[in-house]
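Peer 1: In the order they appear, the protein sequences are chains W and U. The first sequence: position 60 = 60 (the working numbering), numbered continuously. The second sequence: position 101 = 101 (the working numbering), numbered continuously. Below: one structure in structure tokens.
Protein chains: 2
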Amino acid sequence: MSNLTPTISEAESHVMEVLWRRAPQSSEDIVAAVQQASDWHEKTIRTLLGRLVAKGAVNAEKDGRRYLYSPALARKQWQSQESHSLLDRVFGGRLSPLLAHFSEHEKLGAKDIAELRKLLDAIEKKGH
Amino acid sequence: MSNLTPTISEAESHVMEVLWRRAPQSSEDIVAAVQQASDWHEKTIRTLLGRLVAKGAVNAEKDGRRYLYSPALARKQWQSQESHSLLDRVFGGRLSPLLAHFSEHEKLGAKDIAELRKLLDAIEKKGH
DNA sequence: CCAAATGAATTACGAGCGTAGTCTAAATGA
DNA sequence: TCATTTAGACTACGCTCGTAATTCATTTGG
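If you want it as structure tokens, here you go:
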């Protein structure tokens, strides 16, 4: 109980990703799953896992002679942190510039636009 | 001519910020401007500035016995990089989850929503 | 029962970052 | 002219990260 919201590095986030998809898992499973998508050395993955446990982003429950690992930080919480951080760091905390940016520089398909409209409708309805 | 898009650290971004607002500026001006918003030591700010020059994010033009500094990386370009990076790292490259996230977890005022709608209209019109 | 395998803990090591301090060369004020 | 100021260059130092290798304690196969 030290850090309210541990920070996850790029590399570490790939380990979290497999734990968010399924948990708990043994380190062996985690290594295998991470290696599906990367060519990292087993040692590297175990190091990352250890660091995640050390910083409280992952829980390790002893299971016999080994551990089973589960995320201690929810994916949504992490997404929240990261989004907020981008918003503050890069866009002065305002959402519209972010959106404007995406509208100018990212390719938004008709599908995306429709989806965003639905989202806005839903938000408005909820908010009132 | 080394790095296409230099990466800017958190601390460095505050220096960029003052250069994006006005350029060129002397280091003295930059130090003063950054200190308006922070309590960083002058040496710290000069170090950050030097690193930005070293990594090609800032240009230094000699002006007599000193330099005048200007951004070599455009703010929009940086915002683009950072946004894209968040999108890929955290939301699997898809915009809707990002938006959905904001709609759930950030406070969107009616004003924001209206603005976003207008943006979507504009995008759609432009796209066709 | 003992050697090999395995999972975890510890250690490594260079790059970047946050946060300065020191050194140097040039300009300037007395 | 000479000491002082100042801007920039170079050095420092502990921390995190990416990327592992080494050591240690068990377990397990033969």
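Quick reminder that beta carbons are idealized off the backbone N, C-alpha and C, glycines included.
Measuring alpha carbon to alpha carbon, tell me which of E28/W, L99/W and A54/W ends up nearest I129/W.
Peer 2: The first residue shown for chain W is 1 and the last is 128, placing residue 129/W beyond what the model contains.
Peer 1: Is the number of C-beta pairs between the segment 93–101 of chain U and the segment 110–119 of chain W that are closer than 8 Å three or more?
Peer 2: yes
Peer 1: In this structure, how does DSSP classify K62/U when only helix, strand and coil are distinguished?
Peer 2: strand
Peer 1: Give me the Cα-Cα distance between E65/W and H41/W, rounded to the nearest whole angstrom.
Peer 2: For the record, residue 65/W in the displayed sequence is Arg; it is not Glu. R65/W and H41/W: Cα-Cα distance of roughly 23 Å.
Peer 1: Given that I113/W touches chain U, what residues does it touch there, using C-beta distances under 9 Å?
Peer 2: L120, I123, E124 and G127
Peer 1: Would you decide whether Q79/W is buried or exposed? Buried here means 16 or more other CB atoms lie within 10 Å of its CB.
Peer 2: buried
Peer 1: Among the residues of its own chain, which have a CB less than 8 Å from the CB of V53/W, if the five just before and after it don't count?
Peer 2: N59, A60 and Y69
Peer 1: Just list the residues that DSSP pairs S70/W with in beta bridges.
Peer 2: BP columns for S70/W point to N59/W.
Peer 1: Tell me whether the beta-carbon of L99/W lies closer than 8 Å to the beta-carbon of L119/U.
Peer 2: yes
Peer 1: Expressed to the nearest angstrom, what Euclidean distance is found between the alpha-carbon atoms of K43/W and K125/W?
Peer 2: In a straight line, the C-alpha of K43/W is about 50 Å away from that of K125/W.
Peer 1: Using DSSP with H/G/I as helix, E/B as strand and the rest coil, what is S9/W?
Peer 2: Of the three classes helix, strand and coil, the one that applies to S9/W here is coil, per DSSP.
Peer 1: Secondary structure at A80/W, three-state DSSP: helix, strand or coil?
Peer 2: The identity of residue 80/W in the sequence shown is Ser, whereas the question assumes Ala. Correct three-state label for S80/W: helix.
Peer 1: Helix, strand or coil: which one does DSSP assign to S27/W?
Peer 2: helix
Peer 1: Pick helix, strand or coil for G92/W, following the three-state DSSP scheme.
Peer 2: Secondary structure of G92/W (DSSP, three-state): coil.
Peer 1: State yes or no: is the beta carbon of A100/U nearer than 8 Å to at least one beta carbon in chain W?
Peer 2: yes
Peer 1: What residue range is occupied by the uninterrupted alpha helix (DSSP H) comprising G50/U?
Peer 2: E42 to A54
Peer 1: Please report how far the alpha carbon of S2/W lies from the alpha carbon of L86/W, in whole angstroms.
Peer 2: A caution first: S2/W carries a pLDDT of 44, below 50, which makes its placement in the model unreliable, though a value can still be read off. Using only the alpha carbons, I get a separation of about 24 Å.
Peer 1: Would you mind stating whether E104/U and R89/W have Cβ atoms separated by less than 8 Å?
Peer 2: no
Peer 1: Does L108/U come out as helix, strand or coil in the three-state DSSP assignment?
Peer 2: coil
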